[in-house]
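So the sequence lines, in the order shown, correspond to chains A and B.
Heads up, the numbering used here is the position in the first sequence plus 130, with the first residue counted as 1.
Heads up, the numbering used here is the position in the second sequence plus 130, with the first residue counted as 1.
The beta-carbon is built from N, C-alpha and C at its ideal position, and this holds for glycine as well.
Worksheet: one structure, shown below.
Protein chains: 2
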Amino acid sequence: MSDPLATLVGELARLPSIGPKTASRLAHHLLKVSRVEAQNLTQAILDVKDLLFNCGTCNAITPVNPCYICSDPHRDRTRICVVEEPFNIKPIERTGEHRGTYHVLLGALSPQRGIGPKEIATDQLLNRLEGVEEVILATNPNVEGEATALYLARLLKSKGIEVSRLAFGMPVGGDIEYTDEVTLGRSLAGRRLI
Amino acid sequence: MSDPLATLVGELARLPSIGPKTASRLAHHLLKVSRVEAQNLTQAILDVKDLLFNCGTCNAITPVNPCYICSDPHRDRTRICVVEEPFNIKPIERTGEHRGTYHVLLGALSPQRGIGPKEIATDQLLNRLEGVEEVILATNPNVEGEATALYLARLLKSKGIEVSRLAFGMPVGGDIEYTDEVTLGRSLAGRRLI
Numbered sequence: 131m132s133d134p135l136a137t138l139v140g141e142l143a144r145l146p147s148i149g150p151k152t153a154s155r156l157a158h159h160l161l162k163v164s165r166v167e168a169q170n171l172t173q174a175i176l177d178v179k180d181l182l183f184n185c186g187t188c189n190a191i192t193p194v195n196p197c198y199i200c201s202d203p204h205r206d207r208t209r210i211c212v213v214e215e216p217f218n219i220k221p222i223e224r225t226g227e228h229r230g231t232y233h234v235l236l237g238a239l240s241p242q243r244g245i246g247p248k249e250i251a252t253d254q255l256l257n258r259l260e261g262v263e264e265v266i267l268a269t270n271p272n273v274e275g276e277a278t279a280l281y282l283a284r285l286l287k288s289k290g291i292e293v294s295r296l297a298f299g300m301p302v303g304g305d306i307e308y309t310d311e312v313t314l315g316r317s318l319a320g321r322r323l324i
Numbered sequence: 131m132s133d134p135l136a137t138l139v140g141e142l143a144r145l146p147s148i149g150p151k152t153a154s155r156l157a158h159h160l161l162k163v164s165r166v167e168a169q170n171l172t173q174a175i176l177d178v179k180d181l182l183f184n185c186g187t188c189n190a191i192t193p194v195n196p197c198y199i200c201s202d203p204h205r206d207r208t209r210i211c212v213v214e215e216p217f218n219i220k221p222i223e224r225t226g227e228h229r230g231t232y233h234v235l236l237g238a239l240s241p242q243r244g245i246g247p248k249e250i251a252t253d254q255l256l257n258r259l260e261g262v263e264e265v266i267l268a269t270n271p272n273v274e275g276e277a278t279a280l281y282l283a284r285l286l287k288s289k290g291i292e293v294s295r296l297a298f299g300m301p302v303g304g305d306i307e308y309t310d311e312v313t314l315g316r317s318l319a320g321r322r323l324i
């Protein structure tokens, strides 16, 4: 006979950043809470599976198709901001600096993991270029994100699209002394006249 | 209209040791996994609520009543090991040193949080003392566990029961230099002739 508690610990330990000890603590917590509380959690889990999907245009996570941003007539359709994952959109929206639309690649290029241009939403982006003036590459500032940005920049420039990349530099409120040398180097190289 | 993803992040953030960032990461992970994987998790959560309960005798978590230990004829019924929580039983079982039964208090005394003897399973323990020779107090080595042990020791000794407490001392494989002074003090006070 299988042990329901051990099964739950095993399922929880499959989640990212949840080790066996945290899984055990969570399982015992769930054992203690009311059934209603447990059901609120399980319903919330199943709701994201059942009610949300990727926007057919930009791949953002949405309960309606097209998503709120793609269907908003006030957004600037000449500027597309390209991100790796759906959850990269919200932080950019919060800045209020981008009034254009988005395109979610659903990944980044990674030859080591066998992820090439066909494995991410590259073709879908190329099919959206009519009337587009600028593509802003907001992939992550790591090896894979940089490789993806370089690949897309070359491809898009060959089609006459203006391509920009998020600026690298010191974080606001940071400290030169504690900024790593790669970031500081990029910050110097990207210096602007004032 | 409520956002299913925000709802899930909120539900996950209610769990112990899950902050808003981890909740967000977990929610996006659950958004990505297959519905079958998500369902395995939700079913495991509901199963612990539906299939497990507290043993009517000792309060251990069990799918049958009485639990496996309480119904095992080979266990020594003259020795009861008292613990705070159901999940304290397994580590003691693993030592193989205790062949008696258990009693789970489902908490510890805490005047600050308004938890007195009536709020934990004290009376239930007193009703189990017939034929019992020794009660081993295995409450946690912290303020609340110690207070609970002292309270129960006085109560049980007044009824002529032998009462013992887990030994305090240096962890096996530890180092005197890195043992805190309180533990080292208890280790000295509890020294044994060899």
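Chain B contact residues for residue i, given Cβ-Cβ distances below 7 Å
i: K179 (chain A); result: R165, A168
i: T172 (chain A); result: T172, I175, L176
i: R155 (chain A); result: P146, S147
Closer than 7 Å to chain B by CB, residue i
i: E227 (chain A); result: no
i: E260 (chain A); result: no
i: T231 (chain A); result: no
i: L256 (chain A); result: no
Interface residues of chain B facing residue i [CB-CB closer than 9 Å]
i: I191 (chain A); result: L135, H158, L161
7 Å Cβ cutoff, residue i in contact with chain A
i: E141 (chain B); result: yes
i: L138 (chain B); result: yes
i: L182 (chain B); result: yes
Limits of the beta strand (DSSP E) - the one that residue i falls within
i: R295 (chain B); result: 292–295
Residues bridged to residue i [DSSP beta-bridge criterion]
i: H159 (chain A); result: Answer by DSSP bridge pairing: none, since H159 (chain A) is not bridged.
i: N184 (chain B); result: B:I191
i: G230 (chain A); result: A:D206
i: E260 (chain A); result: Note: E260 (chain A) sits in no beta bridge, so no partner.
i: V212 (chain A); result: A:H233, A:L267
i: I245 (chain B); result: B:S240
Proximal residues of chain A, C-beta to C-beta of residue i below 8 Å
i: F217 (chain B); result: S154, H158
Where residue i falls, given that 16 or more other Cβ within 10 Å makes a residue buried
i: A174 (chain A); result: buried
i: E227 (chain B); result: exposed
i: E307 (chain A); result: exposed
i: Y198 (chain A); result: exposed
i: N257 (chain A); result: exposed
i: E141 (chain B); result: buried
i: N189 (chain B); result: buried
i: P150 (chain A); result: exposed
i: G320 (chain A); result: exposed
i: V273 (chain A); result: exposed
i: G304 (chain B); result: exposed
i: L318 (chain A); result: exposed
i: N195 (chain B); result: exposed
i: T152 (chain A); result: buried
i: K302 (chain B); result: The residue you asked about is not Lys; residue 302 (chain B) is Val in the sequence shown. It counts as exposed.
i: G275 (chain B); result: buried
i: K220 (chain B); result: exposed
i: V312 (chain A); result: exposed
i: K287 (chain A); result: exposed
i: P241 (chain A); result: exposed
i: V166 (chain B); result: exposed
i: L323 (chain A); result: exposed
Limits of the unbroken alpha helix (DSSP H) element including residue i
i: A238 (chain A); result: It is not in any alpha helix (DSSP H) - A238 (chain A) carries neither H nor E in the DSSP assignment.
i: I219 (chain B); result: 219–225
i: P134 (chain B); result: 134–143
i: A319 (chain B); result: 311–319
i: V302 (chain A); result: That residue, V302 (chain A), is in no alpha helix (DSSP H); it is neither H nor E in DSSP.
i: K287 (chain A); result: 273–287
beta-carbon residue i near the ligand NAP non-hydrogen atom, thresh 6 Å
i: L135 (chain A); result: Ligands displayed in this structure: none; no statement on the ligand NAP is therefore possible.
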